[in-house]
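Q: Before anything else, here's the structure in question.
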Amino acid sequence: MQEKTYKFATKAIHAGVEPDPTTGAIMTPIYQTSTYKQEKVGQHKGYAYSRTLNPTRHALENALAELENAKYGACFGSGVAAIDAVLKMLNPGDEVITTDDLYGGSYRIFTTIFAKFGIKFHFIKMGELSELENTINENTKLIWIETPTNPMMNIIDIEAVAKITKKSNILLAVDNTFATPYLQNPIDLGADLVMHSVTKYLGGHSDVVMGAIVTDNKKIADEIYRIQNSSGAITGPMDSFLVLRGLKTLHLRMQRHCENGEILAYFLKDHPKVDKVYWPGFEDHPNHEIAKKQMRGFGGMISFSLKGNDRKEAHSIMEKFEIFTLAESLGGVESLTCHPATMTHAALPEKDRQEAGIVDSLIRLSVGVEDSEDLINDLKQALA
Ligand SMILES: *Cc1c(COP(=O)(O)O)cnc(C)c1O
0 MQEKTYKFAT KAIHAGVEPD PTTGAIMTPI YQTSTYKQEK VGQHKGYAYS
50 RTLNPTRHAL ENALAELENA KYGACFGSGV AAIDAVLKML NPGDEVITTD
100 DLYGGSYRIF TTIFAKFGIK FHFIKMGELS ELENTINENT KLIWIETPTN
150 PMMNIIDIEA VAKITKKSNI LLAVDNTFAT PYLQNPIDLG ADLVMHSVTK
200 YLGGHSDVVM GAIVTDNKKI ADEIYRIQNS SGAITGPMDS FLVLRGLKTL
250 HLRMQRHCEN GEILAYFLKD HPKVDKVYWP GFEDHPNHEI AKKQMRGFGG
300 MISFSLKGND RKEAHSIMEK FEIFTLAESL GGVESLTCHP ATMTHAALPE
350 KDRQEAGIVD SLIRLSVGVE DSEDLINDLK QALA
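Just so you know, we're using numbering that gives the first Met the number 0 here: the sequence shown kicks off at 0 and counts up by one.
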């Protein structure tokens, strides 16, 4: 598939996978093996030991790279293990600039693991490019962005940030978990690395925890593979198989996530109990124009706050949901809800949380692919 360029739906189904050469099996087998017979000393078929490379994982790594319009993919045991691998490219004294409304787990690995090893992190409002330019110094080695951000759905102009990083020889990594390659391809916009929590939309069925890094740059890829093999936070063949299977419906699922997301966003906007609704598809969303420019749709992630901003009321609404399940995570076929202030973003200090807009009544929805009428009715009864 590498030579020709197919459209997304075709790639979602065929990228990275070939019928198994020995049996003709259409699905990539689960190569549940740690090691491989060598014909002669040092002579093997490309697979020597499964930490280094496993055929099922390899097929998935190629598939993810192709979906992001890149050449190289690497899969890890979780999204944060993928972040960990990128950060391990840095040295003590290096500095990283990132957003102030980052995914809580990213904030935690930055501040409690890598800060200890002498890497300095700046958390800024990335929307203001002047603030980014003012924070860059000669030690800046990496810009880490997420867009749309979690849970405030801010949009960062990837192309504009990439212009700045290219000029200064700084790596740009984009956490593309929320958008997925169906909606946005950061490599095409100038990013050096794309990170995914595969756990979410790519896997899509809430049955796997996995992360991935994708890059189009051979030097970066070699370094990531060296770290993947040396630190060993790999994913297993069974999980790789499940994600290969999930990817085949990514375009269908994302299309429905977007449709349902839009319907629910407008419903909430008109609801008398709701204060603010955060969804990048609204024309009055502060970054709507950037979203339109770099995304092909607006996704199924929505956050909203309540008039009166009462935490107890938010909790009681969430406990009344019948279809939306109260749970961490997102991006599965089933609709989920979470309370960022006490769940995903509990690791963020209170002050930073308030500044980022993660108020006490904020409720986040991961809109699934169920019937939209049923979802609306669930919101109606819970908010009543
Ligand atoms: C879940 C998530 C992560 C972390 O991924 P895990 O698979 O849970 O380790 C990173 N970034 C974003 C945006 C996420 O939603």
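Just so it is clear, CB atoms sit at the ideal spot from N, CA and C, and this is done for glycine as well.
(1) Is the closest heavy atom of ligand 1 to the C-beta of F109 under 7 Å?
(2) Along the alpha helix (DSSP H) that carries K350, what are the first and last residues, could you check?
(3) So, is K379 buried or exposed, given that buried needs 16 or more other C-beta atoms within 10 angstroms?
(4) Drop a sphere of 10 angstroms on the beta-carbon of T34, count the other beta-carbons inside from all chains shown, and report buried for 16 or more, exposed for fewer.
(5) Are there any heavy atoms of ligand 3 lying less than 7 Å away from the beta-carbon of N149, as far as the coordinates show?
(6) Look at the Cβ atom of I316, then the Cβ atom of I375, and state whether they are nearer than 8 Å.
(7) Secondary structure at H121, three-state DSSP: helix, strand or coil?
(8) What are the boundary residues of the alpha helix (DSSP H) that T55 is part of?
(9) Indicate whether Y102 and E145 have their beta-carbon atoms separated by less than 8 Å.
(10) State the DSSP-derived secondary structure class of D359, mapped to helix, strand or coil.
(11) Taking G202 and G260 to be in contact with their CB atoms under 8 Å, please state how far apart those CB atoms are, rounded to whole angstroms.
(12) Name the two residues that bound the continuous beta strand (DSSP E) containing V95.
(13) Measuring CA to CA, which of P185, N136 and S49 is closest to A159?
(14) I'd like to know if the segment 202 to 222 and the segment 28 to 44 are in contact, where contact means that at least 3 CB-CB pairs between them fall below 8 Å.
(15) Can you give me the start and stop residues for the beta strand (DSSP E) that F7 sits inside?
(16) Counting C-beta neighbours from all protein chains within 10 Å, is the total for Y181 16 or more, i.e. buried, or is it exposed?
(17) Between T336 and the rest of its own chain, which residues show a CB-CB distance below 8 Å, the 5 nearest in sequence each way excluded?
(18) Would you call the CB atoms of G117 and P91 closer than 8 Å?
A: Looking at the coordinates:
(1) no
(2) E349 to E354
(3) Around the beta-carbon of K379, fewer than 16 other beta-carbon atoms lie within 10 Å, marking it exposed.
(4) Flag for T34 reads exposed.
(5) You won't find ligand 3 in this model; what it holds is ligand 1.
(6) no
(7) strand
(8) For T55, the enclosing alpha helix (DSSP H) covers residues P54 to L66.
(9) yes
(10) coil
(11) About 19 Å; that fails the 8 Å criterion.
(12) E94 to T98
(13) P185
(14) no
(15) It is not in any beta strand (DSSP E) - F7 instead sits in the alpha helix (DSSP H) that spans F7 to H13.
(16) buried
(17) M317, F320, F323, T324, L325, A326, I362, R363, L364 and S365
(18) yes
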